[in-house]
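Q: Here it is: the structure, laid out below.
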Amino acid sequence: MRKVFVVILTMVIVSLFAETIELNTIFGPEDLGYYIERNQKFYDQTGVRVNITVVPYGRDQNIKLIASMLAGGEQYDIFIIDCVEVPLYVENGWVLPIDEWLTEDLKQDAIPFALDGMAYQGRWYGLPWVSEWKSFVYNREMIKKVGYDEFPKTWDGVVELAKKLQEAGIVKYASAWSWAQKESLVCDFVAILSSFGGRFFDENLNPVFNDERGVQALQFMIDMIYKHQIVNPASLGWTETEVYKAIFNNDIAFGMMWGIPLVDLDNPEISKGVGQWEIGLMPSVDGEHPYTVSGPMGWAISYGTKHPKEAFEYIKFLAGPEGALDAALKAGIVPGWKSVWENPEFKNTVRGLDKMYEQAMYIVHRPRVPWYLEFSNALQEELHKALTRQKSPKAALDAAAQAALKIKAEYEKGRKK
Numbered sequence: 014m015r016k017v018f019v020v021i022l023t024m025v026i027v028s029l030f031a032e033t034i035e036l037n038t039i040f041g042p043e044d045l046g047y048y049i050e051r052n053q054k055f056y057d058q059t060g061v062r063v064n065i066t067v068v069p070y071g072r073d074q075n076i077k078l079i080a081s082m083l084a085g086g087e088q089y090d091i092f093i094i095d096c097v098e099v100p101l102y103v104e105n106g107w108v109l110p111i112d113e114w115l116t117e118d119l120k121q122d123a124i125p126f127a128l129d130g131m132a133y134q135g136r137w138y139g140l141p142w143v144s145e146w147k148s149f150v151y152n153r154e155m156i157k158k159v160g161y162d163e164f165p166k167t168w169d170g171v172v173e174l175a176k177k178l179q180e181a182g183i184v185k186y187a188s189a190w191s192w193a194q195k196e197s198l199v200c201d202f203v204a205i206l207s208s209f210g211g212r213f214f215d216e217n218l219n220p221v222f223n224d225e226r227g228v229q230a231l232q233f234m235i236d237m238i239y240k241h242q243i244v245n246p247a248s249l250g251w252t253e254t255e256v257y258k259a260i261f262n263n264d265i266a267f268g269m270m271w272g273i274p275l276v277d278l279d280n281p282e283i284s285k286g287v288g289q290w291e292i293g294l295m296p297s298v299d300g301e302h303p304y305t306v307s308g309p310m311g312w313a314i315s316y317g318t319k320h321p322k323e324a325f326e327y328i329k330f331l332a333g334p335e336g337a338l339d340a341a342l343k344a345g346i347v348p349g350w351k352s353v354w355e356n357p358e359f360k361n362t363v364r365g366l367d368k369m370y371e372q373a374m375y376i377v378h379r380p381r382v383p384w385y386l387e388f389s390n391a392l393q394e395e396l397h398k399a400l401t402r403q404k405s406p407k408a409a410l411d412a413a414a415q416a417a418l419k420i421k422a423e424y425e426k427g428r429k430k
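Heads up: the sequence shown begins at 14 in our numbering, then just goes up one per residue.
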């Protein structure tokens, strides 16, 4: 009896002095209240505490993350990573693969582009989060006024419709795009290039975006501004912010938006076209390639964490199918799981989700290369030179292709040192 008492007392003492497992993460201020609520629930269920470092999005967050990785990766156990950053983080050994925990059920449930955004060279490095893409939106009432019940599937049809809208005085310019010399320009080019059946690189990462399809896609962008005059020329200095303003004001008849567009388009506080806008599939050169561009993020695990199992349990809790449904319903975070998109509770929250889900099967990523940032900057510059008619489409794309090869070679040379 005395022996049993000693054992029990020892267990109690160990329990009292057992260290609470803590995980640390970093992200921006958006939806902070939601994360705090979820972290508390995770703590209540598991006893694992999650601490948040809040910083502005963008440069500050990336600087702190990279500094942490260079110092051993222990400062932040889990973090949100953009799909275009995955190759860089993997090549530098900064993220843990999650293959051992990623069940077949999770793989089958994931929307392909969302999970692929967290994959690199055959392994997975995170769970989908904010699995958004650029949706094509159009004003149903405007196109009805010129005799259209449905939006055209081909780019030729789009040009014809746009001219009718402008000739009827319904809009001055039928469309606007985010074609400032920024990342938004690359995103739009990815979508349009894909809608022409083009792609960026071959299997050996040699550029092919300067082939016939690439030139046709860029020429079409130029023609929409100067030849057809159906795009507001101010688009050359616009990002999504200005495009959204034009859409909300009903200044244009069609455009592209991230996230779940009809949430804001049906909000009378910011939109003049409540109930008028619809989601459509991305037009394409032949009506058979309705591809748009992805922008998914994901929750990843640092290579320096001392608690990898608990870290995965957390990202599964937050970003797995059940967590993603909660996030979609409470915070409007775009889910990357089929089961959420097919869930009646989610499907009934906003109109147009059925068409969005259809588009989700036709999505392409920006190039998945560890030197993406440098390449994107070079591509932005050359695309903008073509759009401002400083270079021909072919010359601009050839220059971007040469820049890609140079950047790739410099990166590979640096890796060998």
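Quick reminder that beta carbons are idealized off the backbone N, C-alpha and C, glycines included.
Predicted model, so just to flag it, every value in this text is computed and none were measured.
Please report how far the alpha carbon of Q88 lies from the alpha carbon of L78, in whole angstroms.
A: If you take the alpha carbons of Q88 and L78, they lie about 9 Å apart.
Q: Opposite N152 in the DSSP bridges: which residues?
A: Note: N152 sits in a beta bridge opposite W290.
Q: To which residues does DSSP link L36 through a beta bridge?
A: L36 is bridged to V63.
Q: Helix, strand or coil: which one does DSSP assign to V203?
A: In the structure shown, V203 sits in a helix (DSSP, three-state: H, G or I).
Q: Is the separation between the beta-carbon of G345 and that of G227 shorter than 9 Å?
A: No, the pair does not count as a contact, with Cβ atoms beyond the cut-off.
Q: Terminal residues of the continuous alpha helix (DSSP H) containing M234?
A: Residues 225–238.
Q: Note the first and the last residue of the continuous alpha helix (DSSP H) segment covering D277.
A: Segment 274–278, the alpha helix (DSSP H) holding D277.
Q: Would you decide whether N217 is buried or exposed? Buried here means 16 or more other CB atoms lie within 10 Å of its CB.
A: N217 should be labelled exposed.
Q: For a quick check, are the C-beta atoms of G250 and Q229 less than 9 Å apart?
A: Taking 9 Å as the Cβ cut-off, G250 and Q229 do not qualify as a contacting pair.
Q: Quick one: what's got a C-beta closer than 7 Å to F214's C-beta in the same chain, skipping five residues either side?
A: The residues are P220, V221, P380.
Q: Taking DSSP's pairing of strands, which residues face Q136 in a bridge?
A: According to the sequence shown, residue 136 is Arg rather than Gln. Beta-bridge pairing links R136 to Y133.
Q: By the 10 Å Cβ neighbour count, where 16 or more other Cβ atoms means buried, how is G85 classified, buried or exposed?
A: Under this definition G85 is an exposed residue.
Q: Please say whether D201 and M155 have beta carbons closer to each other than 9 Å?
A: Taking 9 Å as the Cβ cut-off, M155 and D201 do not qualify as a contacting pair.
Q: Suppose you measure from the CA of V99 to the CA of F388; what does that come to, to the nearest Å?
A: Cα to Cα, V99 sits roughly 15 Å from F388.
Q: Y56 to N280, Cα distance in whole Å?
A: Those two C-alpha atoms are separated by around 36 Å.
Q: Tell me, please, which residues DSSP counts as bridged to W168.
A: Per DSSP, none; premise fails for W168.
Q: Counting only runs of 4+ residues fully inside the segment 290–368, write out the alpha helix (DSSP H) ranges in chain order.
A: Runs found: 321–332, 334–344, 351–354, 357–360.
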